[in-house]
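In the UniProt record's numbering, the protein residues as written are 1 to 117.
Scroll down for the structure; my scribbles are underneath it.
Structure representation (structure tokens):
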């Protein structure tokens, strides 16, 4: 048996707005839009993607799942994401070589530094 990883689901108060934010932040394409879903992928036929799904309840705690990204230039990428509306957050990580950020709905993600070869 094989499994194909299709999407990471993100519950959202406003799937269209949050999905569009992530599409622009990542440079991904929109592949599906409805009243309750907004899906993006790196390219139309490339998986996995992110699917933002309406959830009519407030967020209650720190996310149990988050995404990690490795840019060419960590400082430049953090600055670009901040200009795009992300913010740095402290989740108790202390002094680390990565930057913890949150999207407009407060979902945490990390911008890592390049790993040593």
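Each residue gets a CB set at the ideal place from its N, CA and C atoms; glycine is no exception.
Query                                                                                                                                        : Result
Where does the unbroken alpha helix (DSSP H) through residue 70 begin, and where does it stop?                                               : From DSSP, residue 70 is part of no alpha helix (DSSP H); its letter is neither H nor E.
Of all the alpha helix (DSSP H) runs that stay within the bounds of the segment 12 to 40, which reach a length of 4 or more residues?        : 15 to 26
Which same chain residues, not among the five before or five after residue 37, have their C-beta less than 8 angstroms away from its C-beta? : 15, 51, 52, 53 and 54
Give the DSSP-derived three-state secondary structure of residue 78 in the structure shown.                                                  : helix
Look at the Cβ atom of residue 70, then the Cβ atom of residue 112, and state whether they are nearer than 7 angstroms.                      : yes
Tell me whether residue 83 sits in a helix, a strand or coil according to DSSP, three-state version.                                         : helix
Determine which residues share a DSSP beta bridge with residue 61 and list them.                                                             : Residue 61 pairs with nothing; no bridge assigned.
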